[in-house]
Each structure stands twice: as structure tokens, then as C-alpha cells.
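J.:
Number of protein chains: 2
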Amino acid sequence: MNITLSRHSQVRVMESTVANAEKYFGEFCSLLAAYTRKTARLRDKADQLVKQLVDFANTESPELRATLRDFAEDLAQVQDYRQAEVERLEAKVVMPLKLYGAQIKQTRAEIKKFKRVQKNEMKQLEKLEKLRQKCPSDRQAETHVQRASVDASCTTHQLEETVDNFQRQKLKDLQRFFSDFVTIEMVFHAKAVEVYSRAFQTLEHYELEGDLQDFRAKMHGAPGHRQARPLSGASPSPCVSWPPANQDARSTARSHRKGDVESEHSVEQAPPEDLGGQEQGLRP
Amino acid sequence: MNITLSRHSQVRVMESTVANAEKYFGEFCSLLAAYTRKTARLRDKADQLVKQLVDFANTESPELRATLRDFAEDLAQVQDYRQAEVERLEAKVVMPLKLYGAQIKQTRAEIKKFKRVQKNEMKQLEKLEKLRQKCPSDRQAETHVQRASVDASCTTHQLEETVDNFQRQKLKDLQRFFSDFVTIEMVFHAKAVEVYSRAFQTLEHYELEGDLQDFRAKMHGAPGHRQARPLSGASPSPCVSWPPANQDARSTARSHRKGDVESEHSVEQAPPEDLGGQEQGLRP
């Protein structure tokens with residue numbers, strides 16, 4: 001009876017180990033899937049922000065337009081990295097965890113099978129034991145008991161091996177899943193730091209005076225929404241002297257504007273500001 | 001009439017500038033508020049994961065338990081930084097953008113007021129002009145026209161100044177909002193890289209053999225869910241020889257367990273693995 005009790009408790013430990021793994025790995029899987037989805041939503045919001053930034057940039061004066069476009073591009077790049085993060089989380093963490101669920105089910109089925117076999121073997125062993133007790137001198141009964149005992153041991157051994165393999169795999173997989181999770185996150189965050197450092201420089205380099213001049217010219221100039229920009233030779237002084245209010249400034253501003261469309265385009269094509277010092281802002 | 005037309009178009013530029021700012025800053029505000037909310041949801045999911053990790057750790061063998069707890073602590077720390085990110089985004093980006101909306105409304109109201117004054121002044125000017133044309137030699141009519149013209153110029157000047165200040169402030173604020181956004185994001189990502197590097201080391205250092213030994217002891221030992229751990233003197237060989245299946249292993253495993261509770265506690269109190277090389281994994 002001791003053997004039976006011991007095996008019962010052993011099987012109970014195995015079952016609870018597998019059930020526990022099933023419960024928690026299931027939780028990890030659904031939480032990490034939700035984490036991945038929420039990350040995707042964050043990417044979506046930032047993508048919308050990028051779109052609005054570009055739209056807004058197109059309504060603004062050249063300097064700000066260039067700055068906002070560069071900034072939007074950086075923000076978009078962070079979202080590309082976030083997208084890579086999402087894809088990698090799905091492929092290397094969520095999907096393997098899902099597949100792991102199938103593996104757990106298989107181990108459960110194996111334990112169930114071994115349990116059934118073991119139960120039958122135990123019944124058989126008890127029966128043979130009783131027979132032997134009835135005829136203690138029966139050598140054949142003795143042999144039968146021994147053989148049944150060896151069979152039962154063998155089954156138990158197989159069961160133990162199955163669960164041992166399961167446990168080893170579980171520990172390895174757990175380490176792998178979370179190491180992959182951490183690596184994916186780490187790569188994303190490191191890339192984000194890099195790109196945001198550049199974005200910070202872009203925003204820092206923005207000089208608003210040119211745009212203000214441009215805005216003033218527009219205010220005194222043509223109607224509508226085209227942008228003007230002072231000619232490169234024009235004084236960049238912020239202390240612009242206001243023209244007399246009753247002077248019709250439209251004609252001068254219009255001719256002024258014509259040349260500006262050219263310089264505006266050249267600004268658009270110009271390379272972004274020097275980003276050489278982009279690592280500087282890494283830990284502000 | 002030229003003056004009136006010019007002023008009309010000038011006011012139209014001003015109004016469209018303010019309306020444009022209202023539209024896009026409103027968009028930026030709601031998108032950044034949504035971005036902040038989504039970040040908070042991501043933090044919530046990760047917090048749930050931390051909780052499940054700790055719960056799971058408590059059902060596992062000592063080595064894994066210690067590793068998972070350390071890992072959960074790191075993951076929780078990233079969420080603390082994310083929480084700081086959320087709070088700072090709210091305080092330094094979303095809230096100022098919201099307040100900016102009020103400022104835009106005020107500028108709109110001022111433009112409206114100036115527009116009304118300007119309209120009246122223009123009407124007055126036209127009336128006086130007509131009077132002067134009727135009596136071209138009337139010196140008093142001439143003086144009235146000049147005074148009305150000066151008044152109108154003054155109002156236009158004030159309007160221009162209001163919009164100029166608005167535009168300057170808008171450009172400055174835009175730069176500030178997005179610089180603050182980038183700084184907050186950058187700080188968070190840099191901290192996340194730092195903590196995840198440590199977490200990576202924690203997971204890398206996990207050795208499963210001790211836990212496997214422990215699991216085998218449990219399988220052959222006491223029922224229930226308490227954890228065992230081989231005594232420090234016990235052989236850590238993974239090639240454990242399976243005891244004969246029909247041997248009642250419970251008594252030995254139980255005495256074994258008793259000593260283990262001690263060593264288990266000492267493991268719990270032990271400092272986490274050497275994290276000296278935590279900066280190593282910064283850019284994998």
C-alpha cells in the first residue's frame with residue numbers, strides 16, 4: 001500500500017506541476033499578447049501624430065516646415081522600430097508561448113495515459129500479492145509478483161522521465177521567452193534613444209526669427225496661404241519696422257514673394273541640420 | 001478702397017493663422033493625450049505581468065524563484081519609469097497644450113474686437129473722405145480725415161502686434177512642447193535600456209540544474225506544493241540515478257526537506273547575482 005500511496009502523491013506532484021505551468025504560461029501568453037497589442041496601439045497614435053505634424057508643417061513657414069518634417073521623420077522612425085518590436089514580440093514571445101500550450105496539453109495526456117496504465121498495474125500487483133499470500137511457497141506466484149513489480153517500476157520510470165523532460169523544457173523555455181522579451185525591448189529602447197537624441201538636436205536648432213520675418217511679410221502681403229521667405233540678402237533683424245498702415249504693401253510683397261518660391265524650394269531640398277552631435281542629448 | 005482691401009486680406013491671414021494653430025494644436029493635444037493614455041495602458045499590462053511573475057515565482061523552486069523575482073522587480077522598475085513618463089507627459093506636454101487652447105481663443109477674441117473697431121474706423125474714414133471731396137477746400141474736413149486715418153493705422157498696428165506676439169509665442173511653444181516630449185521619451189527609453197540590461201543579465205545567469213534536482217526530490221518526496229532544494233553539500237550532478245520505483249522515498253525526502261527550508265530561506269535573503277556587467281548588454 002505504501003508503494004501505491006507514494007505513486008499517488010508522485011503523480012499528484014506531476015499533475016500539479018503541469019497544471020501550474022499551464023495556468024501561468026497561459027497568463028503570460030495572454031498578458032504578453034495584450035502588451036504587444038497595446039504597443040501597436042501606441043505606434044498607431046504616434047503614426048497619427050506624425051501625419052498631423054507633416055500636415056501642419058505644410059501650412060507653415062520654411063524653417064518650421066523643415067524642422068517639423070525632420071522631427072516627424074524621426075518620430076516615424078521610432079514607430080518603425082516599434083513596429084519591428086511588435087513583430088518580434090509576436091514571433092519570438094507570443095507565438096512560442098501559444099505553441100507551448102499545445103506542448104503542455106500533450107504532457108497532460110501522457111500523464112493521464114501513464115496513470116491509467118499504472119492503476120491497472122497496481123491492481124494486478126495487489127491481486128498477485130494476495131495469491132502469493134494464499135500460497136507462500138508457490139514459486140510461480142512469487143515470479144509473477146516480481147514481474148508485475150518490475151513492470152510497474154518501468155511505467156513509473158517512464159512517467160518520471162516524461163515529467164522530468166517537461167520540467168527541463170519548461171525552465172529552459174521560460175528563460176528563453178523572457179530573455180527574448182528583454183532583448184526585443186532593449187533593442188527598441190536603445191534605437192528610440194538614438195533617434196530621439198537626433199530629434200532633440202533638430203528641435204534645438206530651430207530658429208524662429210526667419211519664420212517670424214516670413215510671417216510678417218505674409219501678413220503685409222498676398223492673400224491666401226502660400227509661404228514667403230525673406231531673400232537671403234534681406235536683413236534678418238527681428239526689429240522690423242512696421243510699414244504705415246495705410247500704405248498698400250501688396251504690390252511690393254507680391255514681387256518679393258515670386259523670388260521666394262524659388263528659395264523656399266531650395267530650403268525644402270536642403271539637407272537637414274548638422275546632426276553630428278546627436279549622441280550628446282542621450283542622457284539629458 | 002485699396003487700404004480696405006489690404007486690411008481685409010491682412011485680417012484674413014491673421015484669422016487663418018490662428019484658426020490653423022487652433023486646429024493643429026488641438027489635434028496635437030488630443031493625440032498626445034491619447035498617446036499618454038496608451039502608454040498608461042501598456043504600463044498596466046506590464047504591471048499585471050509583474051504580478052503574475054511574482055505569483056508564479058512563489059510556486060517555483062528556489063533558483064527560478066529568485067531569478068523571476070529579480071526579473072519581476074526590474075520589469076516593475078521599468079513600469080515606474082513609464083509611470084514617471086506618463087506623469088511628465090501630462091504635466092509638461094498635454095496640460096500646456098490644453099492651456100494653449102485658451103490662449104488661442106483669447107487671440108481670436110482680440111482679433112474679432114480689433115476687426116470690429118477697424119470696420120467702424122473704415123466706415124468713418126469713408127464718410128469723412130466723402131465730406132472732404134464735397135468741399136475740397138475745407139481744412140477742418142482734411143484734418144478729420146487725417147486723424148481718422150491715424151486712428152485706423154493705430155488699430156491695425158495693435159492688431160498686427162497682437163498676431164505677431166501670438167505667432168512668436170506659437171513658434172516658441174511648439175518648439176518647447178515637442179522638445180519636452182522628446183526629452184521625456186528619451187529619459188524613459190534610456191532608463192528602460194539600463195534596467196533591461198540588468199534584467200538580461202539576471203535571466204542569463206539562471207542555472208536550471210539546481211531547480212531540476214529540486215524538482216526530482218519533490219517528485220520522489222512529500223506531497224503538496226512546498227519547494228525543496230538540495231543541501232549545499234549534495235551533488236549537483238544532473239545525472240541523478242532514479243531510485244527504485246517500489247521504494248518508499250517519502251521518509252528520506254521528508255527529512256531532507258526539513259533542512260531545505262533553512263537553505264531555501266537563505267537563498268531568498270541572498271543578494272541577487274552579480275550585476276556588475278549590466279552595461280554590457282546596452283546595445284545588443
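Quick mapping for you: the protein sequence lines, in order, are chains A and B.
Numbering of the first sequence is given in the numbering used here, commencing with residue 1 and proceeding in unit increments.
Numbering of the second sequence is given in the numbering used here, commencing with residue 1 and proceeding in unit increments.
Cβ atoms here follow ideal geometry from the backbone N, Cα and C, with glycine treated the same way.
This one's a predicted model, so the numbers in the text were calculated from it and none came from an experiment.
1. Given a limit of 7 Å on CB to CB distance, which residues of the region 180-191 of chain A reach chain B?
2. Name the residues in the region 60-91 of chain B whose C-beta lies less than 7 Å from a C-beta of chain A; which are they?
3. For chain B, check one thing: does any of its Cβ atoms lie closer than 8 Å to the Cβ of A/His300?
4. Name, going along the chain, the residues of the region 13-42 of chain A whose beta-carbon falls closer than 8 Å to a beta-carbon of chain B.
5. Using a C-beta cutoff of 8 Å, does B/Gln10 count as contacting chain A?
6. Measure from the alpha carbon of A/Val195 to the alpha carbon of each residue in A/Ala19, A/Arg82 and A/Gln169, then state which is nearest.
7. Roughly how many whole angstroms lie between the Cα atoms of A/Arg12 and B/His189?
8. Would you check if the distance between the CB atom of B/Val18 and the CB atom of B/Phe114 is smaller than 8 Å?
9. Given a threshold of 16 other Cβ atoms within 10 Å of its Cβ, counted over all protein chains shown, does B/Lys285 qualify as buried or as exposed?
10. With the cut-off set at 8 Å, would you say A/Tyr206 and A/Thr59 are in Cβ contact?
11. Can you tell which of B/Glu85, B/Tyr35, B/Asp55 and B/Arg43 has its C-alpha closest to the C-alpha of A/Leu49?
12. Tell me the DSSP secondary structure of B/Asp138 in three-state form.
13. List, in chain order, every chain B residue whose beta-carbon is nearer than 7 Å to that of A/Phe178.
14. Which bits of chain A does B/Val193 rub up against, with CB to CB less than 7 Å?
15. With contact counted as at least three CB pairs below 8 Å, one residue from each stretch, are the region 104-111 of chain B and the region 37-44 of chain B in contact?
16. In or out: B/Glu161 buried (at least 16 other Cβ within 10 Å) or exposed?
17. What residues of chain D sit near B/Asp211, judged by a beta carbon separation below 9 Å?
18. Could you tell me whether the region 89-109 of chain A touches the region 68-81 of chain A, where touching means 3 or more Cβ pairs closer than 8 Å?
19. Please report whether the beta-carbon of A/Tyr206 lies at a distance below 8 Å from any beta-carbon of chain B.
20. My assumption, with CB atoms under 8 Å, is that A/Val193 sits in contact with B/Met186. Please give the rounded CB distance.
21. Residues of the region 128-144 of chain A in Cβ contact with chain B at a cutoff of 9 Å, in chain order, please.
22. For chain A, is any of its Cβ atoms less than 8 Å away from the one on B/Phe200?
23. Taking the CB atoms as reference points, tell me whether A/Ala199 and B/Val182 lie closer together than 8 Å.
24. Have a look at A/Asn20, A/Val54, A/Glu63 and A/Gln52 and flag the residue whose alpha-carbon is nearest the alpha-carbon of A/Gly101.
25. Considering A/Val78, what are the terminal residues of the alpha helix (DSSP H) in which it resides?
26. What does A/Tyr100 reach in chain B if we use C-beta pairs closer than 7 Å?
27. Please check the pair B/Val117 and B/Thr155, which I expect to be a contact at CB under 8 Å, by giving their CB distance rounded to whole angstroms.
28. Cα-Cα, which of A/Leu99, A/Arg43, A/Ser137 and A/Gln103 is closest to A/Ala84?
29. If you follow the alpha helix (DSSP H) that A/Glu209 is in, where does it begin and where does it stop?
30. Tell me the rounded alpha-carbon separation between B/Lys45 and A/Leu203.
31. Helix, strand or coil for B/Thr59? Go by DSSP, reduced to three states.
32. Keeping to the same chain, check which residues put their C-beta closer than 7 Å to that of B/Gln77; ignore five residues upstream and five downstream.
33. Within 10 angstroms of the Cβ of A/Lys127, are there 16 or more other Cβ atoms? Answer buried if so, exposed if not.
T.: According to the structure shown:
1. Val182, Thr183, Glu185, Met186, Val187, His189 and Ala190
2. Leu64 and Phe71
3. Here chain A covers residues 1 to 284 and nothing more, so residue 300 of chain A does not appear.
4. Val13, Met14, Ser16, Thr17, Asn20, Tyr24, Glu27, Phe28, Leu31, Leu32, Ala34, Tyr35, Lys38, Thr39, Arg41 and Leu42
5. Yes - at least one Cβ of chain A is within 8 Å of the one on B/Gln10.
6. A/Arg82
7. 45 Å
8. no
9. Not covered by the structure: residue 285 of chain B. The range shown for chain B is 1 to 284.
10. no
11. Nearest C-alpha to A/Leu49: B/Tyr35.
12. coil
13. Phe71 and Leu203
14. Met186, His189, Ala190 and Val193
15. no
16. Exposed is the call here.
17. Although the question refers to chain D, the structure presented lacks it and instead comprises the protein chains A and B.
18. no
19. yes
20. 6 Å
21. none
22. yes
23. yes
24. A/Asn20
25. For A/Val78, the uninterrupted alpha helix (DSSP H) segment begins and ends at Pro62 to Leu89.
26. Neighbours of A/Tyr100 on chain B: none; closest Cβ ~14 Å, over 7 Å.
27. 5 Å
28. A/Arg43
29. Leu208 to Met219
30. 32 Å
31. coil
32. Counting only Cβ-Cβ distances below 7 Å, and skipping sequence neighbours, we find Val195.
33. exposed
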